[in-house]
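Inspection log for the structure reproduced underneath, given as structure tokens.
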């Protein structure tokens, strides 16, 4: 037959494409339904049955890549867990969240800095950093406390730690502001002297504007130093398309 | 991507592999054809 | 994605097979319909006579004089005629007698055959043959080996042509007007 070889190649490709349509007609919906069942099972297993998966594209075609929704009330770690569980089902492709950003976020949850903060808060709950009246110099017991605070903060290096000074509302407010700032700075300098890097510490004073919750602003218990971690440094780059919380 | 699209791509890849296999078996020039040494037929 | 393959493995097998069939089609089936060029030479064993310029062969002869010469030479050379086959001698004087009253130096019409129809016989050879009193296919068809050797010796630089181009066979078929067999063996006239 006087056919050019290219015609044979193209004819074969067309037949193969036709095969694809036949296969699709026979099994695509089934596959999507099967994956849906497995995804719901996985979500329920991980304690989040309210997460819905839709294995369908916006134009109605079945797909292997689900869209997850219903995770608004869950925290990030739970969302990430469920996403990973669904993505690990054999046959499921890439997941996307209906309310997500599709940005690759650090897979590591920010637990370490909170941990630091909790440690320091635990320390300070029992003891206080005492200053002399209306001054920013600390007494000896406070210095020991500061050593322990420094030890507790050391794992958080790489993060920025805020030192905030508070007072009660006795006395003029500008004075309180200045005093609280000086005290925060004194703590900061003390920590720097103990080896915490200078640029990881920010000191500020807020006077009596932020009393402890539930306490009267006049309560002397408001005179305190608070530590908080205000930035977390991402530690590891993540590959794209990692099933995550968003 | 829709399932039918992924299926079609995979099937076309298989088709090309089939073409390649066929080419290996039948399409190569005589000096590389694997049927070289059939035994020397000395006239 | 692998699960897609697993779920549809019969389709993938078919796709692979279609690919192999397409490749077979391209590389084997199409190859067989390619033009087979003849790479053998005329001088090879078993190869027939060379293809001749058929247009030249079929063209009317350039010279018209030889037919007038034949009847003239037929008379002074009765010896040669007598040596030829008795069958040939009978038609030959008849041919000569017919051609004498005609004496028209045009084409070789009448009972004489157009010897140039034999493949391998051109105008020069035809003139020589007619000079030797050979004017018909039947004459040539009935040559014996001796005759062939004798005539061959007279051909000069065309020696060897009789056997090489199988004049006797050609003449036999042309005398019988067996065009089918002639064309089967020697190609179109």
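Protein chains in written order, with our numbering: chain A, 787 to 1032; chain B, 14 to 56; chain C, 226 to 414.
From the three backbone atoms N, C-alpha and C, an ideal C-beta is built for every residue, glycine too.
Under three-state DSSP, which class holds residue 948 of chain A?
strand
Looking at the C-beta of residue 359 of chain C, does it have a partner C-beta in chain A at a distance below 7 Å?
no
Hey, which unbroken runs of the alpha helix (DSSP H) at 4 residues or more fall wholly within the segment 352–411 of chain C?
362–366, 370–379, 386–389, 392–400, 404–411
To the nearest angstrom, how far is the alpha carbon of residue 388 of chain C from that of residue 380 of chain C?
12 Å
Kindly indicate which residue of A/998, A/789, A/816 has the alpha-carbon position closest to the one of residue 951 of chain A.
A/998
Checking contacts by CB at 7 Å: is residue 747 of chain A closer than that to chain B?
With chain A represented from 787 up to 1032, any question about residue 747 of chain A goes unanswered, as that position is not in the structure.
What in chain B is Cβ-close to residue 832 of chain A, meaning under 8 Å?
None at all; the shortest Cβ gap to chain B is about 26 Å.
Three Cβ pairs or more, each shorter than 8 Å: is that satisfied between the segment 810–829 of chain A and the segment 842–858 of chain A?
yes
Keeping to the same chain, check which residues put their C-beta closer than 6 Å to that of residue 354 of chain C; ignore five residues upstream and five downstream.
340
For a cutoff of 7 Å on Cβ pairs, would you count residue 17 of chain B as touching chain C?
no
What residues in the segment 866–887 of chain A bring their beta carbon closer than 7 Å to a beta carbon of chain C?
876, 877
Hey, residue 20 of chain B and residue 229 of chain C: beta-carbon distance below 7 Å or not?
yes
Taking the alpha carbon of residue 820 of chain A as the reference point, which residue from A/840, A/803, A/836 has its own alpha carbon closest?
A/840
Excluding sequence positions up to five away, which residues of its chain have a Cβ less than 6 Å from the Cβ of residue 362 of chain C?
338, 396, 399, 400
Contacts that residue 802 of chain A makes with chain C (C-beta to C-beta distance below 7 Å)
240, 243
Reduced DSSP secondary structure (H/G/I, E/B, other) of residue 789 of chain A
coil
Of all the CB atoms in chain A, is at least one closer than 7 Å to the CB of residue 20 of chain B?
yes
How would you call residue 330 of chain C, buried or exposed, if buried means at least 16 neighbouring beta carbons within 10 angstroms?
Low local confidence applies: a pLDDT of 44 at residue 330 of chain C is under 50, so the model's placement there is unreliable, with the coordinate-based value given in what follows. Label assigned to residue 330 of chain C: exposed.
Could you run through the segment 794–819 of chain A and flag, in chain order, every residue whose CB is less than 8 Å away from some CB of chain B?
795, 798, 799, 802, 803, 805, 806, 807, 809, 810, 814, 817, 818
C-beta neighbour in chain A for residue 234 of chain C, strict 7 Å:
no
Are there three or more Cβ pairs, one per stretch, closer than 8 Å when the segment 794–811 of chain A is compared with the segment 245–253 of chain C?
yes
Give the residues of chain C in contact with residue 791 of chain A, contact being defined as C-beta atoms less than 7 Å apart.
251, 255
If we define contact as Cβ-Cβ less than 7 Å, is residue 27 of chain B a contact residue for chain C?
yes
Go ahead and pull the three-state DSSP assignment for residue 847 of chain A.
coil
Whole angstroms are fine: how far does the CA of residue 411 of chain C sit from the CA of residue 24 of chain B?
57 Å
Range of the contiguous beta strand (DSSP E) that encloses residue 841 of chain A
838–842
Reduced DSSP secondary structure (H/G/I, E/B, other) of residue 1006 of chain A
helix
Check whether chain B comes within 7 Å of residue 354 of chain C, counting only Cβ atoms and requiring the distance to be less than that.
no
What does the alpha-carbon distance come out to for the pair residue 1003 of chain A and residue 966 of chain A?
14 Å
Where residue 1012 of chain A sits in the DSSP three-state scheme:
strand
Residue 835 of chain A at chain B interface by Cβ criterion, 7 Å:
no
Quick one: which chain A residues come within Cβ less than 9 Å of residue 24 of chain B?
802, 803, 805, 806, 809
Please check the pair residue 947 of chain A and residue 986 of chain A, which I expect to be a contact at CB under 8 Å, by giving their CB distance rounded to whole angstroms.
6 Å
Using 8 Å as the threshold, is the segment 819–833 of chain A in touch with the segment 872–886 of chain A, meaning 3 or more CB pairs across them?
yes
Leaving aside the five residues before and after residue 989 of chain A along the sequence, list all residues of the same chain whose C-beta is less than 6 Å from its C-beta, in chain order.
949, 970, 971, 974
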